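Engineer: So in our numbering, spot 279 of the sequence shown is number 283, and the numbers just go up one at a time.
Note that the Cβ used here is the ideal one computed from N, Cα and C, for glycine as well.
For clarity, every value in this text was computed on a predicted model and none was experimentally measured.
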Amino acid sequence: MKLPVQFRNFDGPLTQDLVREPGKFGLGQVPSALAPDATTTMVCGFCSTGCGLKIHLREGEAVNLSPEARYPVNLGTACPKGWEALTPLAAPDRGTTPLLGGVPVDWHAAMTTFCERMKSVQSKFGPHSVAFLSTGQICTEEMALLGALFKFGMGGLHCDSNTRQCMATSAVAYKQSFGFDAPPFTYADFEESDVLVFIGANPCIAHPIMWQRVLRNRRNPEIIVVDPRRTETAMAATRHFAILPKSDLTLLYGLANILISSGWIDRDFIAANVSGYDEFSEFVRAFTTERVCAATGLTVDELWHFAQLVGERRKRVSWWWTMGVNQSHESTRTAQAIIALALITGQIGKPGTGANSITGQCNAMGSRLFANVTNLIGGHDFLDAGHRAKVAKVLGLEERVIPGSPSMTYDQIVQGIDEDKIKALWVIATNSSHSWIHQSGFNDVVKKLELLVVQDMYTTTETARRAHLFLPAAGWGEKEGTLINSERRFGLVKKVCRAPGIALADFHIFRLIAEYWGCGEMFSAWSSPEAVFGLLREISQGQPCDITGIRGFEHIDEAGGIQWPWTKEDDARRAADLETSERRLFEDGRFFTADGKARILFDEPREVAEPTDDEFRFVLLTGRGSSAQWHTGSRTDKSDVLRALAPTRCHAEINPEDAQRLGICAGDEVEIRSRRATIRAASVVTQIVQPGQIFIPMHYCEVNRLTFPSFDPHSRQPSYKHCAVALARCERG
Ligand SMILES: Nc1nc2c(c(=O)[nH]1)N[C@H]1C(S)=C(S)[C@@H](COP(=O)(O)OP(=O)(O)OC[C@H]3O[C@@H](n4cnc5c(=O)[nH]c(N)nc54)[C@H](O)[C@@H]3O)O[C@H]1N2
Ligand SMILES: Nc1nc2c(c(=O)[nH]1)N[C@H]1C(S)=C(S)[C@@H](COP(=O)(O)OP(=O)(O)OC[C@H]3O[C@@H](n4cnc5c(=O)[nH]c(N)nc54)[C@H](O)[C@@H]3O)O[C@H]1N2
Ligand code: SF4
Ligand SMILES: [Mo]
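(1) Please determine, among 433, 268 and 546, the residue with the shortest C-alpha to C-alpha distance to residue 513.
(2) Could you give the distance in angstroms between the alpha-carbon of residue 603 and the alpha-carbon of residue 718?
(3) Straight-line CA distance for residue 28 to residue 150?
(4) So, helix, strand or coil for residue 68, using DSSP?
(5) Which of the three DSSP states is assigned to residue 631 in this structure?
(6) For residue 624 versus residue 676, is the C-beta spacing smaller than 9 Å?
(7) Between the C-alpha atoms of residue 370 and residue 683, what's the straight-line distance to the nearest angstrom?
(8) Whose C-beta lies closer than 6 Å to the C-beta of residue 30 among residues of the same chain, with five residues either side of it excluded?
(9) Are there 16 or more other CB atoms within 10 angstroms of the CB of residue 387, so buried, or fewer, so exposed?
(10) Under a Cβ-count criterion, where at least 16 other Cβ atoms within 10 Å of its own Cβ denotes burial, should residue 219 be classed as buried or exposed?
(11) Tell me which residues share the same chain as residue 304 and place their Cβ nearer than 7 Å to its Cβ, disregarding the 5 neighbours each side in the sequence.
(12) Counting pairs of beta carbons, one from the segment 204–223 and one from the segment 261–278, are three or more of them closer than 8 Å?
(13) Spell out the partners DSSP gives residue 4 in its beta bridges.
(14) Secondary structure at residue 7, three-state DSSP: helix, strand or coil?
(15) Compare the Cα-Cα distances from residue 733 to each of 690, 686 and 726 and report the closest residue.
(16) Hey, which residues come within less than 5 Å of ligand 4, measuring from Cβ to any heavy atom, in chain order?
(17) When every heavy atom of ligand 2 is checked, does at least one fall within less than 8 Å of the C-beta of residue 643?
(18) Nearest to residue 688 by alpha carbon, out of 680, 698 and 226?
(19) By how many angstroms is the C-alpha of residue 93 removed from the C-alpha of residue 59?
(20) Have a look at residue 354 and residue 186 and give me their C-alpha separation to the nearest angstrom.
(21) Heavy atom of ligand 1 less than 8 Å from the Cβ of residue 634, yes or no?
(22) Relative to ligand 3, what is the chain-ordered list of residues with a Cβ closer than 5 Å to any of its non-hydrogen atoms?
(23) According to DSSP, residue 164 sits in a beta bridge with which residue or residues?
(24) Could you name each continuous alpha helix (DSSP H) segment of 4 residues or more that falls completely within the segment 138–210, going from the start of the chain to the end?
(25) Thinking C-alpha only, which one of 260, 231 and 261 is nearest residue 247?
(26) Given the structure, does residue 166 come close to ligand 2, in the sense that its CB is under 8 Å from one of the ligand's heavy atoms?
(27) Alpha carbon to alpha carbon, how far is residue 104 from residue 116?
(28) Do residue 565 and residue 49 have their C-beta atoms closer together than 9 Å?
(29) Are the CB atoms of residue 162 and residue 420 within a distance shorter than 9 Å?
(30) Are the segment 64–79 and the segment 378–387 in contact at 8 Å, needing three or more beta carbon pairs?
(31) Give me the residue from 458, 635, 661 and 495 with the minimum Cα distance to residue 106.
(32) With which residues is residue 460 paired in a DSSP beta bridge?
(33) First and last residue of the beta strand (DSSP E) that includes residue 61?
(34) Can you name the start and end residues of the alpha helix (DSSP H) that residue 367 belongs to?
(35) Output needed for residue 700: all residues of its chain with C-beta closer than 6 Å, excluding positions within five of it in sequence on either side, in chain order.
(36) Where residue 190 and residue 123 are concerned, what is the direct C-alpha to C-alpha distance, given to the nearest angstrom?
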């Protein structure tokens, strides 16, 4: 395929064109398909709910937005972040030009420097001494291009993304249990369930529009929340089980024991569709009521009531989990214990059921399946020669360019930098210097790098400020591509705004790098996001995430998003069927494993990495603070509206009993100390947290100075929600 003219050669006048006329790269232009004063629908770029937003244009530029009533996800609603999605694009700290050592340069200088310095590191320290950390917040086509460029074009191997901090556990748990990383549900299940169990999930804050779907449930459902904190979701639920932190695994095994010994299980479903049941039923016998109550802090009545609620055969029971499960030292087995409970009760593949992991970022699912990071593109396996051959053929590559070995994980990359094995790091759309566990462990280590490149929308993030080379990226609304939401739905992002200065879409930055690196030919077919989508479609053929029936961006647009799988046969058979907008997996009881059965996997619960002791008496819990704050705040802090909806200062939730004992009043300045750091925060004295626990929202940079770097052994996901801290009031005045 012929390259578009602007990619052909960057010497001479074209470089100047790049600076003078970034519009040549597809930016700064009116989106061609849209009339200047049109209204168009696209999906939100914050959380994984994937709401449809109607963007109102004037003279080709977005001026306002409103939630789309016809979009099947949000049905006309949006949370504060969605309503304010356009505001952060206009922030004064947007990156407008590349910065080399803090000094503005043009793209030619930036790209030349990038390639020369990356190559020099590779020749000095070996091809695998360069790494990238990426994200669940760019478009699927961008992720795919990045992974392919780095691994097939630049000869790199080690890369990971912030989905390690977030969804790695669900991905591993599903893959081992179902044979593929496949969340089975559709949002209609929120409405069609009789018993909804939320474990370590606070959707009222983190997924408010999913919660709206729960509120549409007309079956008078029992809503159970398992969370050490009495969260907004717990308050709105019918039952709250405030277990002790990190006692989930014991609780879930205890529930399984009661269900099995009481016969509240689906023997036919187990016999036909589940493997590992006999061993599991034997194993959970040790989880007696006494043991479980001692570990979790629940009463015998509470435990049995819980079991009765989820063991009721005539009811539809759905299990939902998020970071309270995934961010723990034994998260994979905890997720798999939830899966086991759904399997032994036969509560999967039917309306209102399922073992359902809610994703976090707008495109965490895209990152899991198509980023070429932990999986070979399209949910394939790097270690499988057949998969490598298939992907090479579709992409017109020589098989040898696809590595046959796995990448280091995020924590191993950080450790690799410390051990001088990784000497150049490229960070794309994530703010590791704030969000990585045991922050100083990251920030001290990156000082050892020969090259730190940060590609972000903003120049002021904690990570961008440390960069040797900063690459200014266009954001959501300034580029196009697809995002995949929690229910496996592809949604569209469109270009409705100009990126500032000469900032470029990540897609174009990757294309530029390919050209400057000298591997542009390899990506000649990757000419536009939609062309890449076409490649992904071909690669997906025959996979559980087969999307060969999605005809292109227009099809996604017309359909109001399309859930995977969507095969050619699906499309031929059901194209006219409106019901296709809501589909769940495993309706036939067949899973993606070799024998078609879902696997139960289990292990003994383990001790937490850093238990409390006489000096560090409190457990520190962390998580989302409000629906107006997004992660490290680089976007949401730029909106006056959103800033007014949440505290701007770091604050710590403290139980009144503890506060009284330590002489702490509401609003007092407190000092929270772990073995790694001491921070200050304003106290919020509240019954939301139990005695002996403290909660600090992750949005404040201080929090990860305290956290302890322990990881789940299977998923390498950080255990953000448990470390030991001491608490004291700061002297007044
Ligand atoms: N407003 C807003 N929404 C967001 C985000 C955001 O930053 N802001 N981020 C998005 C992303 S990327 C993600 S991953 C999701 C996260 O969504 P959630 O996982 O729902 O949010 P968290 O607050 O991190 O964690 C959920 C709960 O886990 C509880 N928890 C802590 N320890 C334990 C434990 O041992 N057991 C149990 N059962 N629970 C425990 C915490 O008390 C907390 O209430 O939110 C997404 N949505
Ligand atoms: N203590 C504690 N820490 C946590 C968690 C916790 O619960 N507790 N949760 C963890 C979880 S689940 C997650 S997902 C992580 C999130 O952690 P991060 O990924 O570090 O958080 P964000 O603030 O979302 O960072 C995204 C960055 O990408 C930039 N960006 C946005 N859009 C684009 C784009 O289109 N292109 C480019 N190039 N840049 C863009 C933004 O400006 C921002 O700097 O935090 C983790 N850290
Ligand atoms: S719920 Fe999530 S996807 Fe929907 S508007 Fe809010 S941030 Fe956007
Ligand atoms: Mo996340």
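Structural biologist: Quick look at the numbers:
(1) Here residue 513 corresponds to residue number 509 of the sequence shown, with the count starting at 1. Answer by Cα proximity: 433.
(2) Taking the first residue of the sequence shown as 1, we reach residue 603 at position 599. Taking the first residue of the sequence shown as 1, we reach residue 718 at position 714. About 16 Å.
(3) Numbered from 1 along the sequence shown, position 24 holds the residue referred to as residue 28. Numbered from 1 along the sequence shown, position 146 holds the residue referred to as residue 150. The predicted position of residue 28 is uncertain, since its pLDDT is 48 and thus under 50; a value taken from the coordinates is nonetheless stated next. Between residue 28 and residue 150, the C-alpha separation is close to 21 Å.
(4) What you label residue 68 is simply residue 64 of the sequence shown in a count that begins at 1. In the structure shown, residue 68 sits in a strand (DSSP, three-state: E or B).
(5) Residue mapping note: residue 631 aligns to position 627 of the sequence shown, counting from 1. Reduced to three states, the DSSP call for residue 631 is coil.
(6) In the sequence shown, the residue the question calls residue 624 occupies position 620. In the sequence shown, the residue the question calls residue 676 occupies position 672. Yes, these two residues count as a Cβ contact at 9 Å.
(7) To locate residue 370, count along the sequence shown from 1; it is residue 366. To locate residue 683, count along the sequence shown from 1; it is residue 679. Their backbone Cα atoms lie some 36 Å apart in a straight line.
(8) As a working note, residue 30 is residue 26 in the sequence shown. Note that residue 30 scores 40 on pLDDT, short of 50, meaning its location in the model is unreliable and no value can be drawn from it.
(9) Translated into the one-based positions of the sequence shown, residue 387 becomes position 383. Exposed.
(10) On the sequence shown, residue 219 is found 215 positions in, with the first residue counted as 1. That one is exposed.
(11) Residue mapping note: residue 304 aligns to position 300 of the sequence shown, counting from 1. So the list reads 293 and 297, once near-sequence residues are dropped.
(12) Touching, no.
(13) Absent from the structure is residue 4, since the part of the chain shown begins at 5 and ends at 737.
(14) Taking the sequence shown and counting its residues from 1, one reaches residue 7 at position 3. Because the pLDDT of residue 7 is 26, which lies under 50, any placement of that residue in the model is unreliable, and the number read from its coordinates should be weighed accordingly. The answer is coil: DSSP assigns residue 7 none of H, G, I, E or B.
(15) Translated into the one-based positions of the sequence shown, residue 733 becomes position 729. Of the listed residues, the one whose Cα sits closest to residue 733 is 686.
(16) 170 and 364
(17) Counted from its first residue, the sequence shown places residue 643 at position 639. No - ligand 2 has no heavy atom lying nearer than 8 Å to the Cβ of residue 643.
(18) Here residue 688 corresponds to residue number 684 of the sequence shown, with the count starting at 1. Among 680, 698 and 226, the Cα nearest to that of residue 688 is on 698.
(19) Taking the first residue of the sequence shown as 1, we reach residue 59 at position 55. Taking the first residue of the sequence shown as 1, we reach residue 93 at position 89. Each residue's alpha carbon lies about 14 Å from the other.
(20) Indexing the sequence shown from 1 puts residue 354 at position 350. Indexing the sequence shown from 1 puts residue 186 at position 182. C-alpha separation (whole angstroms): 15 Å.
(21) Locating residue 634 in the sequence shown gives position 630, where the first residue counts as 1. Result yes, Cβ under 8 Å from ligand 1.
(22) Residues flagged by the Cβ proximity filter: 48, 50, 51, 53, 55, 82, 83, 85, 86 and 213.
(23) Here residue 164 refers to the residue found at position 160 of the sequence shown. Note: residue 164 sits in a beta bridge opposite 137.
(24) 144–152, 172–182, 192–195 and 207–210
(25) The residue given as residue 247 occupies position 243 in the sequence shown. The candidate whose alpha carbon is nearest that of residue 247 is 231.
(26) As a first step, residue 166 must be located in the sequence shown, where it is residue number 162. Correct: residue 166 has its Cβ closer than 8 Å to ligand 2.
(27) Working through the sequence shown from its first residue, we reach residue 104 at position 100. Working through the sequence shown from its first residue, we reach residue 116 at position 112. Annotation: residue 104 to residue 116 spans about 11 Å, alpha carbon to alpha carbon.
(28) Your numbering for residue 565 matches position 561 in the sequence shown. Your numbering for residue 49 matches position 45 in the sequence shown. Contact: no.
(29) Residue 420 sits at position 416 when you count from the first residue of the sequence shown. Residue 162 sits at position 158 when you count from the first residue of the sequence shown. Going by C-beta atoms, residue 420 is nearer than 9 Å to residue 162.
(30) As far as the Cβ criterion goes, the segment 64–79 does not touch the segment 378–387, which means the pair count is below three.
(31) Along the sequence shown, one-based indexing puts residue 106 at 102. That would be 458, whose Cα lies nearest to the Cα of residue 106.
(32) Position 456 of the sequence shown, counted from the start, is the residue given in the question as residue 460. Residue 460 pairs with 476.
(33) Along the sequence shown, read from residue 1 onward, the residue named residue 61 stands at position 57. Note, residue 61: beta strand (DSSP E), 56–62.
(34) In the sequence shown, counting from the first residue as 1, residue 367 sits at position 363. Residue 367 -> no alpha helix (DSSP H), and no H or E assigned at all.
(35) Reading the sequence shown from its first residue, position 696 is the one you call residue 700. Result list for residue 700: 626, 656 and 707, in chain order.
(36) Counting from 1 along the sequence shown, the entry for residue 190 is found at position 186. Counting from 1 along the sequence shown, the entry for residue 123 is found at position 119. So the two alpha carbons sit approximately 45 Å from each other.
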